[in-house]
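Residue numbers (this note's numbering), protein chains in the order written: chain A, -8 to 65; chain B, 26 to 482.
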């Protein structure tokens, strides 16, 4: 039997709060890219479970708290 | 409840209280022949408004299939239900905002509607307010627009209700009448979009559940509440019953606003306006799509049919380019307008829009590299803004690129090889000094299309 995690975690940015500091991409380069103006391009859809801890660190690194994790039960 | 039950069962319908229904097959529903009719004229034409409950109203709207007329096309019944649910869960009275601003400079329909039939718009707003138990109604108009006097005069004719109804002037900017920007302005005086994360149906004006609906949407709501979904759907298509107001402008002999039954072929609509049968037109407003007139002649005017044909309903405007008009030049102008109109709050708006506007201008000047830059930048900007403004600009630019890489490939080649372009790229109205203003009524009623008025100068 396959065990599945109960919640889906998605990264979301508040585009109005974001000031393109870019720390999120430094924290999580494997999943977050910056556009040519320095604003983050986030992975679409739920994160693989093994990336959730790193995503939390990326969100915590944002100086203006524009990056957040959204959890949804599935 | 089925549509039939709603149409016959609601105590609200005027057939029951004895007022004759207007002919459902005549599409002069929204625009009476005389401008600014008095409340007495209005009631004589359409009868009094019925009373309602939230469930009744949401049911009627869903049965009627009414989609919002401000550009996004969201189902109005679902919006009303969401606000009604928030009123219960938050235990706060709702606020209703009638958006009469019409921020898109290609559209005149709401201005014409408010001038011709202010009481119908007010009926819709007050009816929604009554259903939702709202104690505040805001009629939002642009700064200095004639609509503020028309609405104030109409309000003065009405008996006082327990609901506070005010006309509020909103800064005359494209982005200021976006729903979250309207709410933010009413709360704080800052008319910039608040972002997609703000649920205004729960936490809107004064922190209360807020229904923001376009003026035409509310006018349609007032008709559906009076006469029922059966009457509403006597014309239109099964997928989209009823009528719409359309603004036709650009290179046509009879520009103006018409009311059409959904599904009316574009050839009919454009033929009556005296448009050429071939060439390009901008459909749906400044966030719209370019369409080939000869290819869409047989397409019916409805949300689904237009989308399937590569167009979009958007704000319901059709701006026709003259023969030889330049899609590239017009798009560059509109993208510069979008870049200037942005609220400059988010990266895609602040940097993305000026970049693609410059790219489109450069393409027109023969810069081949601009084509690659646009193809790279458009998908990066799309969907990442604080509001839908950047997405609208991206959709327009993508539509222009599609035209330029297919049917107008030869014309693009002219631009790229310095062959020059003779077109005068000043067709699509962008407001400002040349802002279109409603003119005098110019045509008598017809059967499929009626009441043309308002010229795009």
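For every residue, glycine included, the Cβ atom is placed at its ideal position computed from N, Cα and C. No experiment lies behind these values; they were computed from the predicted model shown.
Does the beta-carbon of residue i have 16 or more other beta-carbons within 10 angstroms, so that it is buried, or is it exposed?
{"i": "residue 280 (chain B)", "result": "buried"}
{"i": "residue 428 (chain B)", "result": "buried"}
{"i": "residue 113 (chain B)", "result": "exposed"}
{"i": "residue 54 (chain B)", "result": "buried"}
{"i": "residue 56 (chain A)", "result": "exposed"}
{"i": "residue 384 (chain B)", "result": "buried"}
{"i": "residue 27 (chain B)", "result": "Because residue 27 (chain B) carries a pLDDT of 36, less than 50, the predicted location of this residue cannot be relied on, and the following value inherits that uncertainty. Exposed."}
{"i": "residue 106 (chain B)", "result": "buried"}
{"i": "residue 350 (chain B)", "result": "buried"}
{"i": "residue 54 (chain A)", "result": "exposed"}
{"i": "residue 143 (chain B)", "result": "buried"}
{"i": "residue 87 (chain B)", "result": "buried"}
{"i": "residue 7 (chain A)", "result": "buried"}
{"i": "residue 431 (chain B)", "result": "exposed"}
{"i": "residue 199 (chain B)", "result": "buried"}
{"i": "residue 168 (chain B)", "result": "exposed"}
{"i": "residue 50 (chain B)", "result": "exposed"}
Determine the closest residue to residue i out of the options, with distance taken between C-alpha atoms.
{"i": "residue 104 (chain B)", "options": "B:352, B:304, B:185, B:243", "result": "B:243"}
{"i": "residue 50 (chain A)", "options": "A:-2, A:33, A:27", "result": "A:33"}
{"i": "residue 333 (chain B)", "options": "B:314, B:131, B:342, B:347", "result": "B:314"}
{"i": "residue 21 (chain A)", "options": "A:63, A:5, A:41", "result": "A:41"}
{"i": "residue 407 (chain B)", "options": "B:381, B:430, B:431, B:395", "result": "B:381"}
{"i": "residue 368 (chain B)", "options": "B:134, B:220, B:190", "result": "B:220"}
{"i": "residue 233 (chain B)", "options": "B:171, B:258, B:116", "result": "B:116"}
{"i": "residue 92 (chain B)", "options": "B:170, B:443, B:448, B:258", "result": "B:258"}
{"i": "residue 94 (chain B)", "options": "B:240, B:230, B:251, B:390", "result": "B:240"}
{"i": "residue 157 (chain B)", "options": "B:227, B:136, B:441", "result": "B:227"}
{"i": "residue 487 (chain B)", "options": "B:179, B:127, B:251, B:214", "result": "Outside the displayed range of chain B (26 to 482) lies residue 487 (chain B), so it cannot be described from this structure."}
{"i": "residue 48 (chain B)", "options": "B:256, B:108, B:379, B:328", "result": "B:256"}
{"i": "residue 410 (chain B)", "options": "B:373, B:295, B:422", "result": "B:373"}
{"i": "residue 264 (chain B)", "options": "B:140, B:287, B:337, B:357", "result": "B:287"}
{"i": "residue 270 (chain B)", "options": "B:358, B:405, B:340", "result": "B:340"}
{"i": "residue 89 (chain B)", "options": "B:268, B:312, B:163, B:318", "result": "B:268"}
{"i": "residue 378 (chain B)", "options": "B:390, B:253, B:356", "result": "B:356"}
Using the three-state DSSP reduction, which class does residue i fall into: helix, strand or coil?
{"i": "residue 327 (chain B)", "result": "coil"}
{"i": "residue 274 (chain B)", "result": "strand"}
{"i": "residue 281 (chain B)", "result": "strand"}
{"i": "residue 424 (chain B)", "result": "helix"}
{"i": "residue 79 (chain B)", "result": "helix"}
{"i": "residue 306 (chain B)", "result": "strand"}
{"i": "residue 142 (chain B)", "result": "coil"}
{"i": "residue 31 (chain A)", "result": "strand"}
{"i": "residue 226 (chain B)", "result": "coil"}
{"i": "residue 167 (chain B)", "result": "strand"}
{"i": "residue 264 (chain B)", "result": "coil"}
{"i": "residue 407 (chain B)", "result": "coil"}
{"i": "residue 100 (chain B)", "result": "strand"}
{"i": "residue 401 (chain B)", "result": "helix"}
{"i": "residue 24 (chain A)", "result": "strand"}
{"i": "residue 92 (chain B)", "result": "strand"}
{"i": "residue 254 (chain B)", "result": "helix"}
{"i": "residue 379 (chain B)", "result": "helix"}
{"i": "residue 459 (chain B)", "result": "With a pLDDT of 40 at residue 459 (chain B), under the threshold of 50, the modelled position of this residue cannot be trusted; read the value that follows with caution. In the structure shown, residue 459 (chain B) sits in a helix (DSSP, three-state: H, G or I)."}
{"i": "residue 50 (chain B)", "result": "coil"}
{"i": "residue 384 (chain B)", "result": "helix"}
{"i": "residue 185 (chain B)", "result": "coil"}
{"i": "residue 12 (chain A)", "result": "coil"}
{"i": "residue 57 (chain A)", "result": "coil"}
{"i": "residue 129 (chain B)", "result": "coil"}
So what does residue i bridge to, in DSSP terms?
{"i": "residue 62 (chain A)", "result": "A:0"}
{"i": "residue 238 (chain B)", "result": "B:123"}
{"i": "residue 315 (chain B)", "result": "B:307"}
{"i": "residue 345 (chain B)", "result": "B:275, B:306"}
{"i": "residue 192 (chain B)", "result": "B:164"}
{"i": "residue 269 (chain B)", "result": "B:285"}
{"i": "residue 290 (chain B)", "result": "B:325"}
Given a cut-off of 9 Å, decide if residue j and residue i are closer than it, judged by their beta-carbon atoms.
{"i": "residue 325 (chain B)", "j": "residue 291 (chain B)", "result": "yes"}
{"i": "residue 28 (chain A)", "j": "residue 11 (chain A)", "result": "yes"}
{"i": "residue 121 (chain B)", "j": "residue 83 (chain B)", "result": "no"}
{"i": "residue 52 (chain A)", "j": "residue 14 (chain A)", "result": "yes"}
{"i": "residue 347 (chain B)", "j": "residue 452 (chain B)", "result": "yes"}
{"i": "residue 353 (chain B)", "j": "residue 437 (chain B)", "result": "yes"}
{"i": "residue 497 (chain B)", "j": "residue 342 (chain B)", "result": "Nothing can be reported for residue 497 (chain B), as the shown portion of chain B is limited to 26 through 482."}
{"i": "residue 303 (chain B)", "j": "residue 363 (chain B)", "result": "no"}
{"i": "residue 345 (chain B)", "j": "residue 237 (chain B)", "result": "no"}
{"i": "residue 420 (chain B)", "j": "residue 312 (chain B)", "result": "yes"}
{"i": "residue 327 (chain B)", "j": "residue 262 (chain B)", "result": "yes"}
- Query: Along the region 357 to 372 of chain B, what residues have a CB closer than 9 Å to any CB found in chain C?
  - Reply: The question asks about chain C, but that chain is absent: this structure's protein chains are A and B.
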